[in-house]
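Accompanying notes for the structure given below.
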Ligand code: GDP
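In this note's numbering, the protein residues as written are 14 to 320.
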């Protein structure tokens, strides 16, 4: 079995994977996706990161935003706002169809792995999308305004409240989805996408047993830094890293992944930090990692595949 395994969050991961599917056979890809952002709103089961990767690979995603459907409308949400105070979550009309279908399948007794595969199959995806686990895990952020779900912190409060701590609620009872250990063992390469290290990749890493499997695969693990020149391109990775007293830089990300990371691609703009990363026992490579066009996404993916 020839395969490449990816650990993925949402928007940052999707950009990289969009490049990758253009240069390798997508049927080889096993994409393990964070489910710590999952939540239930309007009585519907929503999996934000799974949906971002699904819509991107199905070429349905709104490319400007990096999430949700293209040419989306929000009529249903306007009405839902009359009934719920959850209208801060931007669920569009087309997107709601996915949440309805997913919720229906849950009610019929399917688990998250099966449901994700069913949706991927209906949308004719070739890559294999795998939720990190089937159990419910939810990331909560303790802030100066109280404890809130990550999506509430991110979308409703726009990452403004000061972060005190992060909790992966339910993680202790989570078990790595069935075939993941085998895929990790067989993989030619394991790629950690340029995703939020704390609430996208970090959640996956905290599933009991996950880090130990990764430690034994160190040489074939490759990550791309989501932090460039001490800042994120999008999202709160910098704020969350700072709240954990991690240095907000590619070196800080390398230290967070140090136990299992063998190879790290940092941005050209951070090349002066290459040595600091290599002192951690991690091979470092400098490349242009800003994926603002399909050509650049493909170039970065090709660079990583050729390593
Ligand atoms: P989310 O769950 O939708 O926030 O997405 P992810 O966790 O997958 O990704 C968020 C991270 O992706 C942020 O820390 C960004 O800095 C990073 N990111 C987004 N676009 C790019 C890019 O073009 N290049 C790199 N290197 N990182 C990126």
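Ideal Cβ positions, reconstructed from N, Cα and C, are used throughout, including at glycine.
Note that the coordinates shown come from a computational prediction; the quantities given were computed from them, not determined experimentally.
Take residue i and list the residues in its own chain whose beta-carbon comes closer than 8 Å to its own, dropping the five residues that flank it on each side.
| i | result |
| --- | --- |
| residue 83 | 73, 74, 75 and 76 |
| residue 148 | 183, 186, 187 and 188 |
| residue 16 | 41, 42, 43, 196, 199, 200 and 201 |
| residue 131 | 118 and 123 |
| residue 99 | 54, 55 and 93 |
| residue 296 | 275, 276 and 277 |
| residue 290 | 263, 264, 267, 277, 279 and 297 |
| residue 101 | 165, 168 and 169 |
Within its chain, find whatever has a CB closer than 6 Å to the CB of residue i; leave out the 5 residues flanking it on each side and keep chain order.
| i | result |
| --- | --- |
| residue 108 | 81 and 82 |
| residue 125 | 144 and 147 |
| residue 231 | 273 and 275 |
| residue 243 | 261 and 262 |
| residue 308 | none |
| residue 306 | none |
| residue 141 | 43 |
| residue 31 | 69 and 310 |
| residue 256 | 176 |
What residues in its chain sit with their C-beta under 7 Å from that of residue i, if we drop five residues either side in the sequence?
| i | result |
| --- | --- |
| residue 112 | 57, 58, 59 and 104 |
| residue 228 | 272 and 273 |
| residue 300 | 278, 281, 313 and 316 |
| residue 146 | 48, 187, 188, 189, 190 and 220 |
| residue 24 | 65, 79, 80 and 247 |
| residue 14 | 199 |
| residue 224 | 218, 272 and 273 |
| residue 156 | 166, 174, 175, 176 and 177 |
| residue 9 | Past the edges of the chain, shown from 14 to 320, lies residue 9, and the structure says nothing about it. |
| residue 139 | 39 and 40 |
Could you tell me the distance, in whole angstroms, from the CA atom of residue i to the CA atom of residue j?
| i | j | result |
| --- | --- | --- |
| residue 121 | residue 153 | 28 Å |
| residue 167 | residue 50 | 10 Å |
| residue 34 | residue 206 | 14 Å |
| residue 254 | residue 94 | 34 Å |
| residue 128 | residue 43 | 16 Å |
| residue 310 | residue 29 | 6 Å |
| residue 38 | residue 203 | 16 Å |
| residue 177 | residue 162 | 14 Å |
| residue 18 | residue 90 | 36 Å |
| residue 276 | residue 241 | 17 Å |
| residue 212 | residue 88 | 31 Å |
| residue 192 | residue 261 | 34 Å |
| residue 114 | residue 134 | 13 Å |
| residue 158 | residue 252 | 15 Å |
| residue 302 | residue 86 | 32 Å |
| residue 217 | residue 46 | 8 Å |
| residue 233 | residue 214 | 17 Å |
| residue 26 | residue 237 | 10 Å |
| residue 106 | residue 283 | 41 Å |
| residue 285 | residue 137 | 43 Å |
| residue 21 | residue 96 | 34 Å |
| residue 288 | residue 70 | 36 Å |
| residue 61 | residue 245 | 19 Å |
From the DSSP secondary-structure annotation, give me the bridge partner or partners of residue i.
| i | result |
| --- | --- |
| residue 144 | 46 |
| residue 182 | 151 |
| residue 159 | 156 |
| residue 280 | 300 |
| residue 69 | DSSP output for residue 69 lists no bridge partner at all. |
| residue 54 | 57 |
| residue 245 | 240 |
| residue 235 | 204 and 276 |
| residue 20 | 45 and 205 |
| residue 189 | 146 |
| residue 261 | Partner(s): none; residue 261 has no beta bridge. |
| residue 74 | 82 |
| residue 322 | No answer is possible for residue 322: the residues shown for the chain start at 14 and end at 320. |
- Would you call the region 261-272 and the region 165-172 in contact, with 3 or more CB pairs under 8 Å? no
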